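The structure appears below as structure tokens.
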Amino acid sequence: MTAIVVVLVCLAPFYIGGYVWAALVAVFSARMMYEWVRMTDPEATTIAFVLAILGLLISLLYAAQGLLFWAIGAMIAVTMFAVAERLRRGNPFWTALGLPYVIVPAVVIILLRGTDIGFDTRGFTQLIFIVLVVIGADVGAYFGGSTIGGPKLAPTLSPNKTWSGAVSGLIAGCILAMIAGLFMGLPVWLSALLALPLVVLSVLGDLAESMVKRKIGVKDTGTLLPGHGGLLDRLDSLMAAVVGGAIIFMLIGDRWPIG
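Just so you know, we're using my numbering here: the sequence shown kicks off at 1 and counts up by one.
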């Protein structure tokens, strides 16, 4: 039910793109930034939250205008201020890591979607391709791992993940990519080929956040989504896949059939 509600909230802004999509991304990513600061900085001051979220919003405003370098510059500048503020309380590493960790995928997802309205645009089809692959990998890993079981993938980081789940997720992600590719005019082999690194990145994104949580000693980043934890818990796989996907789509260029 939680997943269905999230999809319904995202559907119209996703279709429209531009500033409407950027506004939704800003709301979601601001919440993720709040979860990160709260999780990694138990003694966070008000200014710590303000710097992190303000830097995020400024970067996303530039991204909505298509100004990538300004967005990255704003992120770097605010990260430096936030690290300086954190130095007074010690351990600024999590601040230096956390701001780019949230801001970069948020900037990329806005730039990738673009400003063109509709389902048959390059930004929409590329982004929905990534989303579907990540969903396929996630669902496939859950059902494959719970049904087959077997050796653990990374027992010290995420005890519930198994190799059978990882393989099942890879297969499911590729199948969903091939189905989506048929509607987009992509060759089946190319759809599967594009899905492979996206699935791997989604798993690595999930494991990376699990490593952070284990290092800090928390189970979930928040309690916003019933049954899922925080937004960071739910979107960590997508964050990694979006960044990797944007690079892949840039490399294939005009081979993408839409837009």
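Just so it is clear, CB atoms sit at the ideal spot from N, CA and C, and this is done for glycine as well.
Small disclaimer: the values here were computed from a predicted structure and weren't measured.
Secondary structure at residue 66: coil, using DSSP grouped into helix, strand and coil.
With a cutoff of 7 Å on beta-carbon distance, residue 205 and residue 254 are scored as not near each other.
Sixteen is the threshold: since fewer than 16 other Cβ atoms of the shown chains lie within 10 Å of the Cβ of residue 7, the residue is exposed.
Inter-segment contact for the segment 86–98 and the segment 128–140 is absent: fewer than three beta-carbon pairs are separated by less than 8 Å. Residue 152 is bridged by DSSP to 162. One Cα belongs to residue 126, the other to residue 38, and the distance between them is close to 33 Å. The beta carbons of residue 154 and residue 190 sit no closer together than 7 Å. Cβ neighbours of residue 59 within its own chain (closer than 7 Å, five residues either side excluded): 71, 74, 75, 103, 107. Residue 43 counts as exposed, since fewer than 16 other C-beta atoms from the protein chains shown sit within 10 angstroms of its C-beta. Boundaries of the alpha helix (DSSP H) around residue 204: 188–216.
DSSP places residue 229 in the strand class (E or B) of the three-state scheme. Taking the C-beta atoms as reference points, residue 110 is found no nearer than 7 Å to residue 52. Counting the other CB atoms within 10 Å of its CB gives residue 240 a total of 16 or more, which places it among the buried residues. Each residue's CA atom was taken as its position, placing residue 257 and residue 176 some 18 Å apart. Residue nearest to residue 148 within the set 157, 167, 10 is 167 (criterion: CA-CA distance). In the DSSP assignment, residue 256 falls outside any alpha helix (DSSP H) and carries neither an H nor an E.
By the criterion of a C-beta distance shorter than 6 Å, residue 129 is surrounded in its chain by 180, once the five residues flanking it on both sides are discounted.
One Cα belongs to residue 210, the other to residue 229, and the distance between them is close to 13 Å. Unbroken alpha helix (DSSP H) stretches of 4 residues or longer found wholly inside the segment 81–122: 93–113, given in chain order. Under a 10 Å Cβ-count criterion, residue 88 is classified as exposed, with fewer than 16 other Cβ atoms of the shown protein chains found around its own Cβ. For residue 23, the enclosing alpha helix (DSSP H) starts and ends at 18–40. DSSP, read as helix, strand or coil, puts residue 79 in helix. When secondary structure is reduced to three states using DSSP, residue 54 falls in the helix class.
Residue 55 and residue 224 have their alpha carbons spaced roughly 23 Å apart. Linking residue 31 to residue 151 through their CA atoms gives a straight-line distance of about 35 Å. Residue environment: residue 11 is assigned as exposed (fewer than 16 neighbouring CB atoms within 10 Å of its CB, all protein chains considered).
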